[in-house]
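Visitor: Residues in the sequence shown are numbered from 427 upward in steps of one, following our numbering. Right, I'll just put the structure down here and ask away after.
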Amino acid sequence: MSDEHLEADYLVLGTGIAGLTFALDASAHGKVVIATKRLPDDANTAWAQGGIAAVLGADDTFERHAEDTRKVGAGLCRDEAVDVCVQEGPARIHELIERGVAFSREPSGELDLTREGGHTARRVAHAGDITGREIERALLAECARRSDRITILPNHMAVDLLHAGKYGGPDAVFGAYLLDRASGMVKTAVARATVLATGGLGKVYLYTTNPDVASGDGVAMAYRAGARIANMEFIQFHPTCLYEPRAKSFLISEALRGEGGILRLRDGTPFMKQKHELESLAPRDIVARAIDHELKRTGDDYVLLDMTRLDPKFLVERFPNIHAECLKYGIDMRGQPIPVVPAEHYSCGGVDTDLQGRTSVKNLYAIGEVSWTGLHGACRMASNSLLEGAVFGHRAAADARHAQSAIPKSIQPWSPGSAAPPHEAVVVSQNWDEIRRLMWNYVGIVRTSRRLERARRRIELIREEIREYYWDFIVTADLLELRNLALCAHLIVESARRRRESRGLHYTLDYPAVDPALTRDTLLHRSDGPFAT
Ligand code: SIN
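Structure representation (structure tokens):
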């Protein structure tokens, strides 16, 4: 394999729980190259605090986990995806433990299970309040032990997928162009199976709990390559992000409410009682909307999450990371409530896949947050996402073993054409800021048809500008992310415009009720073939 041309059986884009699970399983059957656009642990997974849900407690059942998931999913969960995740969940957790993940345990040695919004049982395995970081650590260590089979390329960002159709072959993907951010060189990476495990798209919004890498690259590349995209209107806003201008995107885990935290207005009034029978532990869409409503009604900048009635020693032991982070800003949750606001957290839609993680384009898989398997329906239940990543990472690896290569005999290397070095980086930063702000204001927790139309018009203008810029100037990671972000914004707006009802995470004042006739998915698909921008 030369520097410019990489060849493997499996090319994985992304290093979260889904991508690493796929890589570890697939490495038993072939060579795996994983490209990640920053460092290997720069993944959404590493930021997950709460945990991973599965039926692990003696008083829990598959039926209950499935029923809770479906109830939160507001009529749009795909039954088979729910059943598969729920039933295979315990095996995946045990596999994570075998791979070295140290989940928190009771003094008896049993897994310590917590609760989060929408769950009617304690079924969330966690590693203190840094579950994702621990999973990431263990899986990366396991990949390092298999370095004869797994190569991780840090600072390599996918530019676009390689499509056999462009070479007169079938409608199949056979790899990707990768921008090596250190050298600026674009390499060609080919594989029998290509796996999108690129995570979420939080950076489409001004406020998000996601890390900077979450720019929707996988959804955008898949759409450009002709894959079907589903349910992009269902963007989840986490109700409790720390309200502190100096803290960038710091999540206050739902597990705090799972352990008894109470949401209050700034004057101390609890406000969730009237909104849902589970009160502060209601599903996220309901809590986020309730907070949004109270903030607009009172004019306050934040609400409070009150943990003060819990045992102070328990709080520090159970939430050491959150406690330490809050203390940095002078907030001691043992004696004072935490100021919180909602922020974008998770995309429930994504690249449409079947139960093997296969997309509608041959040899292209999508797993984890980038995918839409149907598990989450119109609203994801907490801690079902790490579960989905593990289950579908495993399933996709079992399937990809049988992928038949569609690699053409000769492949064009990346050509920058007459592109010149960019001379006005301000175009990128201006468009980036504009998208994030307008998505927050017009396509956020509460939508209207008029706001969506405004957003649509502006995003089209921005995309037009990016198109010109993209072909004229040499690609940079910032430009690639902006192009992907703008396309994701477009897909979210288009999906939201098509759903003329309120359901789960999509709430519009113009259609405030559920319309049973719209109990169906929103599917978007490029009709004019792969690779237009
Ligand atoms: C949290 O800890 O609140 C996040 C868990 C999740 O989003 O699943």
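Beta carbons: idealized from backbone N, C-alpha and C, even for Gly.
(1) Taking the CB atoms as reference points, tell me whether Lys-457 and Thr-577 lie closer together than 9 Å.
(2) Please determine, among Gly-625, Glu-705, Asp-693, the residue with the shortest C-alpha to C-alpha distance to Tyr-728.
(3) May I ask you to list the residues that DSSP assigns as paired with Arg-784?
(4) In or out: Asn-657 buried (at least 16 other Cβ within 10 Å) or exposed?
(5) In chain order, what residues have a CB nearer than 5 Å to some heavy atom of the ligand ZN?
(6) Classify Ala-806 as buried or exposed, calling it buried when 16 or more other Cβ atoms lie within 10 Å of its own Cβ.
(7) Check this for me: beta carbons of Asp-711 and Ala-939, under 9 Å apart or not?
(8) From His-932, Lys-788, Ala-943, Asn-810, pick the residue whose C-alpha is nearest to that of Gln-830; which is it?
(9) With a threshold of 8 Å, are at least 3 pairs of Cβ atoms found where one atom belongs to the segment 517-537 and the other to the segment 669-685?
(10) Evaluate contact between the segment 545-555 and the segment 477-495, counting only Cβ atoms and requiring at least three cross-stretch pairs below 8 Å.
(11) Counting only the same chain and skipping the five closest in sequence on each side, list residues whose C-beta sits under 8 Å from that of Glu-720.
(12) For the alpha helix (DSSP H) holding Ala-507, just list the boundary residues, first then last.
(13) What first and last residue would you give for the alpha helix (DSSP H) that runs through Thr-724?
(14) So if DSSP puts Glu-770 in a beta bridge, which residue, or which two residues, is it bridged to?
(15) How long is the line joining the alpha carbons of Glu-891 and Ala-469, rounded to whole angstroms?
(16) Am I right that Gly-601 and Val-616 are in contact with their C-beta atoms under 8 Å? What's the rounded C-beta distance?
(17) Determine contact between the segment 563-580 and the segment 698-706, defined as no fewer than three beta-carbon pairs at a distance below 8 Å.
(18) Tell me, which residues are paired with Tyr-436 by DSSP?
(19) Whole-angstrom Cβ separation of Asp-825 and Gln-782, contact assumed at under 8 Å?
(20) Could you give the residue range of the beta strand (DSSP E) that holds Ala-584?
(21) Based on the DSSP secondary-structure assignment, which residues constitute the bridge partners of Ala-846?
(22) Would you call the segment 903-916 in contact with the segment 849-863, where contact means no fewer than 3 C-beta pairs closer than 8 Å?
(23) Is the separation between the beta-carbon of Ala-479 and that of Gly-442 shorter than 9 Å?
(24) Evaluate Asp-941 with the Cβ neighbour count: other Cβ atoms within 10 Å of its Cβ, from every protein chain shown; 16 or more gives buried, anything less gives exposed.
(25) Taking the alpha-carbon positions, what's the Leu-949 to Ser-453 distance?
(26) Alpha carbon to alpha carbon, how far is Leu-753 from Met-759?
(27) Can you look up Phe-600 in the DSSP assignment and give me helix, strand or coil?
(28) Expressed to the nearest angstrom, what Euclidean distance is found between the alpha-carbon atoms of Arg-715 and Ala-570?
(29) Helix, strand or coil, according to DSSP, for Lys-613 in the structure here?
(30) Tell me whether Val-940 sits in a helix, a strand or coil according to DSSP, three-state version.
(31) In chain order, what residues of the same chain lie with their CB nearer than 6 Å to the CB of Asn-581, ignoring the 5 residues before and after it?
(32) Would you mind giving the Cβ-Cβ distance between Arg-572 and His-951, rounded to the nearest angstrom? I have them listed as a contact below 8 Å.
(33) In the structure shown, what three-state DSSP assignment does Leu-579 receive?
(34) Per DSSP, what are the beta-bridge partners of Asp-732 in this structure?
Guide: Reading from the atomic positions:
(1) yes
(2) Asp-693
(3) Tyr-791
(4) buried
(5) In the structure shown, the ligand ZN is absent; the only ligands present are the ligand SIN.
(6) One detail in the question is off: residue 806 reads as Arg in this sequence, not Ala. It is buried - the Cβ of Arg-806 has at least 16 other Cβ atoms within 10 Å.
(7) no
(8) Lys-788
(9) no
(10) yes
(11) Leu-691, Phe-697, Asp-726, Val-729
(12) 505-524
(13) 710-724
(14) Thr-634, Phe-663
(15) 29 Å
(16) 4 Å
(17) no
(18) Val-458, Ala-619
(19) 4 Å
(20) 582-589
(21) Phe-899
(22) yes
(23) no
(24) exposed
(25) 33 Å
(26) 8 Å
(27) strand
(28) 43 Å
(29) strand
(30) coil
(31) Arg-607, Ala-608
(32) So it is not a contact: roughly 37 Å between Cβ atoms.
(33) strand
(34) Ile-688
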